[in-house]
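J.:
Number of protein chains: 2
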Amino acid sequence: MEDTAVRLEKIIAKLREQSFRITPQRMAILKILLNSSDHPSVEEVYRQVKVDFPTTSLATIYKTVHLLKELGEILEIRLAADRNRYDGKRPYPHPHLICTECSNIIDPEVGFIEQITSEIEDSSGYQVLSHQLEFFGICPNCQKR
Amino acid sequence: MEDTAVRLEKIIAKLREQSFRITPQRMAILKILLNSSDHPSVEEVYRQVKVDFPTTSLATIYKTVHLLKELGEILEIRLAADRNRYDGKRPYPHPHLICTECSNIIDPEVGFIEQITSEIEDSSGYQVLSHQLEFFGICPNCQKR
DNA sequence: ATACATGCAAAACATTTGCATAAGA
DNA sequence: TCTTATGCAAATGTTTTGCATGTAT
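Protein chains in written order, with the working numbering: chain A, 174 to 318; chain B, 174 to 318.
Okay, here's the thing in structure tokens:
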């Protein structure tokens, strides 16, 4: 895995290249997303940004998240019964394991996805571009209760 | 696969058992869901129900769909950027292949899911109860354009 | 007869959008 | 300076809810 600080620099360079402006709000949102492995929601990012920039608006979070999604720098995770969550660490499709009790999300190691994808392409004629694989269950912590 | 008429009877019996009432609206909604393999949206079910029962309300569709979901008789599919769709044919988790151009959904044959599930349970300690696997791509028809 | 379902309208909720103002470049 | 981003409020779209009325049992 790439160092977060290095990745931050690269993204900033990419933003500059495409003449997007580097604002304090964008920097704050970016840093939070790059450093969170708990797949935060927009609301959660908002909460964290407001600590340092209390006047920031929710709309700005939404707009920035949208921009970063377009640039391929974050991945959007749509849950079955919850608000959207975002992953700035691994902005490419990968499986998630979601606790239905406490909403905790982890990234399990999973093989087979490539095989499944080409299997599907062969049998359906579809050109598969991405996928979304979510497992729902009870995490070890919640099983104890 | 089970005959639709037989399954309809079974579901009606189940509803009666749990003292839910058999109304014309519920019958209509049930029949539509059991006979659709194109994963209709609530709006689409609404459109079809209104042909025979023009005074039916959207709220009733939502309430009935919710009930059938609770009873485990239909599966809810949440798309990445669209409205919810429902599958009354196969009301258990299974993969979907979704065209990002025309929103067509088909059910590809896929192996490995059981292996993946137990692999994940072993490595994470989670008790996996269900999953959601969606592949996104371009269907053969849309590739031609 | 009596509880439950329906249909309407309003509410709820996350997300998006328009626009005047602020601020990077 | 000039264009883009921000922040506010209003709009949007889907889904849910409350309640009076209708209806299955």
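In this text, a Cβ means the ideal position worked out from N, Cα and C, and glycines have one as well.
Which residues in chain B have a C-beta closer than 9 Å to the C-beta of Asn311(A)? List them in chain order.
T.: Looking up residue 311(A) in the first sequence gives position 138. Per the sequence shown, residue 311(A) should be read as Ile rather than Asn. Tyr299, Gln300, Val301, Leu302, listed in chain order.
J.: Strictly below 7 Å CB to CB, what residues from chain A border Ser296(B)?
T.: As a first step, residue 296(B) is located in the second sequence; it is residue number 123 there, counting from the start. Against chain A, a Cβ distance below 7 Å from Ser296(B) picks out Pro281, Glu282.
J.: To test your reading of the DSSP string, which unbroken alpha helix (DSSP H) runs of 4 or more residues are found completely within the region 192–223 of chain A?
T.: 197–208
J.: Quick one: what's got a C-beta closer than 8 Å to Ile311(B)'s C-beta in the same chain, skipping five residues either side?
T.: By 1-based counting over the second sequence, the position of residue 311(B) is 138. Closer than 8 Å at the Cβ level, and outside the excluded window around Ile311(B), lie Cys272, Thr273, Glu274.
J.: Name, please, each residue of chain A whose Cβ falls closer than 7 Å to the Cβ of Ile289(B).
T.: Here residue 289(B) refers to the residue found at position 116 of the second sequence. Neighbours of Ile289(B) on chain A, chain order: Val283, Phe285.
J.: Taking all protein chains shown into account, decide if Gln305(A) is buried (16 or more other Cβ within 10 angstroms of its Cβ) or exposed.
T.: As a first step, residue 305(A) is located in the first sequence; it is residue number 132 there, counting from the start. Buried, by the Cβ-count rule.
J.: Inspect the CB distances between the region 290–303 of chain B and the region 295–309 of chain A and report whether three or more fall short of 8 Å.
T.: Contact between the region 290–303 of chain B and the region 295–309 of chain A is present, with at least three C-beta pairs closer than 8 Å.
J.: For Ala178(B) and Leu203(B), I'd like the C-alpha separation in whole angstroms.
T.: The sequence position of residue 178(B) within the second sequence is 5, counting from 1. The sequence position of residue 203(B) within the second sequence is 30, counting from 1. So the alpha carbons of these two residues sit roughly 11 Å apart.
J.: Could you check whether the Cβ of Ile293(B) sits closer than 8 Å to any Cβ belonging to chain A?
T.: Position 120 of the second sequence, counted from the first residue, corresponds to residue 293(B). Closer than 8 Å to some Cβ of chain A, the Cβ of Ile293(B) qualifies, so yes.
J.: In three-state terms, what does DSSP make of Cys275(B)?
T.: Translated into positions along the second sequence, residue 275(B) becomes position 102. Residue state, collapsed to three classes: coil.
J.: Quick one: list the residues of chain B neighbouring Glu246(A), beta-carbon separation under 9 Å, in chain order.
T.: In the first sequence, the residue the question calls residue 246(A) occupies position 73. Those do not exist, as Glu246(A) stays about 17 Å from chain B at its closest Cβ, beyond 9 Å.
J.: Exposed or buried, which one is Asp225(A) when buried takes at least 16 other CB atoms within 10 Å?
T.: As a working mapping, residue 225(A) is identified with position 52 in the first sequence. Exposed, since its Cβ has fewer than 16 Cβ neighbours within 10 Å.
J.: Any idea what DSSP makes of Ser303(A), helix, strand or coil?
T.: Your numbering for residue 303(A) matches position 130 in the first sequence. DSSP places Ser303(A) in strand when its eight states are reduced to three.
J.: Are there 16 or more other CB atoms within 10 angstroms of the CB of Tyr299(B), so buried, or fewer, so exposed?
T.: Position 126 of the second sequence holds residue 299(B). Counting Cβ neighbours within 10 Å, Tyr299(B) comes out buried, since at least 16 surround it.
J.: What would DSSP say about Leu270(A), mapped onto helix, strand or coil?
T.: For this step, residue 270(A) is matched to residue 97 along the first sequence. Strand, per DSSP.
J.: CA-CA distance, Leu248(A) and Tyr219(A)?
T.: On the first sequence, position 75 is the one that residue 248(A) refers to. On the first sequence, position 46 is the one that residue 219(A) refers to. Cα to Cα, Leu248(A) sits roughly 17 Å from Tyr219(A).
J.: Nearest chain A C-beta to Glu307(B) closer than 8 Å, yes or no?
T.: In the second sequence, residue 307(B) corresponds to position 134, counting from 1. Chain A, which has a Cβ nearer than 8 Å to the Cβ of Glu307(B), makes this yes.
J.: Cβ closer than 9 Å: which chain B residues qualify as neighbours of Thr177(A)?
T.: Within the first sequence, numbered from 1, the residue matching residue 177(A) stands at position 4. Going along chain B, no residue has its Cβ under 9 Å from Thr177(A), so there is no contact; the nearest lies around 24 Å.
J.: So with Cβ pairs under 8 Å, would you call Leu241(A) a contact of chain B?
T.: Within the first sequence, numbered from 1, the residue matching residue 241(A) stands at position 68. Answer no: the Cβ-Cβ gap between Leu241(A) and chain B never drops below 8 Å.
J.: By the three-class DSSP mapping on this structure, what secondary structure does Glu246(B) have?
T.: As a working note, residue 246(B) is residue 73 in the second sequence. Residue state, collapsed to three classes: coil.
J.: Counting only Cβ-Cβ distances shorter than 7 Å, please list the residues of the region 200–229 of chain A near chain B, keeping chain order.
T.: none
J.: Identify which residue in Asn277(A), Leu188(A), Ala201(A), Arg258(A) has its Cα closest to the Cα of Thr228(A).
T.: Along the first sequence, one-based indexing puts residue 228(A) at 55. The residue with the shortest Cα to Cα distance from Thr228(A) is Ala201(A).
J.: Consult DSSP for Asp260(B) and reduce its assignment to one of helix, strand or coil.
T.: On the second sequence, residue 260(B) is found 87 positions in, with the first residue counted as 1. DSSP places Asp260(B) in strand when its eight states are reduced to three.
J.: Using a beta-carbon distance below 8 Å, is Thr273(A) in contact with chain B?
T.: In the first sequence, residue 273(A) corresponds to position 100, counting from 1. Closer than 8 Å to some Cβ of chain B, the Cβ of Thr273(A) qualifies, so yes.
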